[in-house]
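Some notes on the structure that comes next.
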Amino acid sequence: ANSVFSACGTTIFETMSRLAQHHGAINLGQGFPEGLEPPPVIERLAQAVIDGPHQYPSMMGIVPLRQAVAAHENRFWATGVDETEVMVTSGATEALAACLFGLIEPGDEVVVIEPLYDSYLPIIRRAGGVPRIVRLQAPDWSLPRQALADAFGPKTKVLMLNSPANPCGKVFDADELAFIAQLLEHHDAYAVCDEVYEHLTYDDRPHIPLMSLPGMRGRCAKVGSAGKIFSLTGWKVGWVVAAPTLLAPIAKAHQFLTFTTAPALQAAVAWGLEHAGAYMANLPATLAARRDRLAQGLAEIGLAPLPCHGSYFLSADFRPLGFKGDDRDFCTHITERAGVTAIPVSAFFETDAPKHYARFCFAKTDQAIDEALGRLRRYF
Ligand code: PMP
Ligand code: GLN
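Quick note, my numbering runs 3 ahead of the 1-based positions in the sequence shown.
Written as structure tokens, this is what we have:
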């Protein structure tokens, strides 16, 4: 069958993780943390499984989790939401799909910023949307304002904004967000704000939700992920926060995507959001140190790391090593020969991708980072 989905390849994360497993490589590719999982939140899940309930929760999520998400929003970002403006989803991936299916009509244009997370374009296209792609400028991933303004037009319905951004670690600043807000108002468009890395910013760069800017409260659907907040990516609990009129069509899409999410997982996440504030507050310092450890090690080996101020990904230019081949070759090669896996950054571009960057995840133990660096050092 010919379709948007038959035409796309298997997601790079699955591909590289399978390859890593096959070769027994240290997997710094797919973004999942190791050694950072908070035991009390996991214990809470064990208790919730024993206590139940185990039947379908309401499609909007259990009330304690909706309340906990709203309280978390107000504690950290002062977005001023209440629990009726929160919908629980099965991971941010489902939240993004529900937002796009809920908001886009065939022919609507969607402005996206490249490099971009790999689920956006297939879902936009399956919803009948027409992507307008604006590219950040490497190596510092600056926002080309004129190109962004030019991508907006009378058919623009939605802008996808990922900050802190995967894979490039960009954290949009107040000035850039104000520019974006003015474009949204001018074109009467909405924003789907993928803020799954909301707590992971470094170097005193604050995370600023677009929703918190003047005039943006009713235009933004803000997506979060417990998997990212608690370093428990396999749990797949996420949410959408949006004003009632914006949330309503998104909820209609969600009811036919997954309808609901495992109640014990929801209960444990609700507990974590209320009680694990210290964990959230301490994670950035831990991860900034890991980023520096990895960046320094890669630089010593001869790669050229790019700046990273957020998320848990660091990209590096491998051309100084003299490697002949593109980024897919490089990532396959180091998996097979050095026993270290990374993700080719070209996977986050639609066309004419730069092909000389590899993305490494640094949300790992110091030992895993050191072992990976040792393997690369011995190989190159
Ligand atoms: N958006 C971005 C930018 C991500 O990096 C990820 C996870 N890799 C997701 C969404 C999906 O999050 P979840 O695992 O909660 O579905
Ligand atoms: N978001 C993760 C990453 O960028 C992976 C998610 C996935 O495997 N689909 O690595």
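A virtual CB, placed ideally from N, CA and C, is assigned to each residue, including glycine.
Predicted model only: the values in this text are computed from it and were never measured.
Check: Every unbroken alpha helix (DSSP H) within the stretch 164-189, with a cutoff of 4 residues, ordered by chain; Outcome: 177-189
Check: Collapsed DSSP secondary structure at Ala141 in the structure displayed; Outcome: coil
Check: Outcome for His25 when other beta-carbon atoms lying within 10 angstroms are tallied against a minimum of 16; Outcome: exposed
Check: CB of Thr263 within 7 Å of CB of Pro60, strictly; Outcome: yes
Check: Proximity test, His313 beta-carbon vs the ligand GLN heavy atom, cut-off 6 Å; Outcome: Residue 313 is actually Gly in this sequence, not His. False, no ligand heavy atom lies under 6 Å from that Cβ.
Check: Own chain residues within Cβ distance below 8 Å of Ala100, not counting five before or after; Outcome: Ser122, Ile126, Ala256 and Leu260
Check: Residue of Val174, Val133 and Glu179 minimising C-alpha distance to Leu151; Outcome: Glu179
Check: Segment limits, beta strand (DSSP E) that includes Ala300; Outcome: A small correction: the amino acid at residue 300 is Gly; Ala does not occupy that position in the sequence shown. Note, Gly300: premise wrong, no beta strand (DSSP E); alpha helix (DSSP H) at Gly280 to Ile304.
Check: Candidates Lys173, Glu17, Leu139 and His189: closest to Gly156 by CA position; Outcome: His189
Check: Between the CA atoms of Pro109 and Ala291 - distance to the nearest angstrom; Outcome: 42 Å
Check: Asp85, buried or exposed, once every other Cβ within 10 Å from all chains shown has been counted against 16; Outcome: exposed
Check: Beta-carbon proximity check, Asn169 vs Ser314, cutoff 7 Å; Outcome: yes
Check: Length of the line joining the Cα atoms of Gly132 and Glu112; Outcome: 6 Å
Check: Range covered by the beta strand (DSSP E) that runs through Gly38; Outcome: Per DSSP, Gly38 belongs to no beta strand (DSSP E) and is neither H nor E.
Check: Member of Asp207, Leu306, Ala98 and Tyr282 whose CA lies at the smallest distance from the CA of Pro41; Outcome: Tyr282
Check: Heavy atom of the ligand GLN within 6 Å of Asn30 beta-carbon; Outcome: no
Check: 8 Å Cβ shell around Ala366 - same chain, five flanking residues per side excluded; Outcome: Gly34, Phe35, Pro36, Glu37, Leu39, Ser234, Leu290, Arg293 and Tyr315
Check: Extent of the continuous alpha helix (DSSP H) to which Lys255 belongs; Outcome: Pro247 to Leu260
Check: Check: Thr236 C-beta below 6 Å from any heavy atom of the ligand PMP; Outcome: yes
Check: Integer-rounded CB distance, given that Leu106 should sit under 8 Å from Val161; Outcome: 6 Å
Check: Within-7 Å CB hit, Ala74 to chain D; Outcome: Although the question refers to chain D, the structure presented lacks it and comprises just one protein chain.
Check: Residues passing the C-beta test against the ligand GLN heavy atoms, cut-off 6 Å; Outcome: Thr14, Phe16, Gln33, Gly34 and Asn169
Check: Run of the beta strand (DSSP E) containing Cys223, from where it starts to where it stops; Outcome: Cys223 to Ser228
Check: Paired residues, beta bridge with Glu112 - DSSP; Outcome: Val133 and Thr159
Check: 7 Å Cβ cutoff met for Arg331 and Pro347; Outcome: yes
Check: Any non-hydrogen atom of the ligand PMP within 6 Å of Asp197 CB; Outcome: yes
Check: Inter-residue CB distance, Arg208 and His359 (contact presumed, cutoff 8 Å); Outcome: With a Cβ gap of about 26 Å, Arg208 and His359 do not count as contacting.
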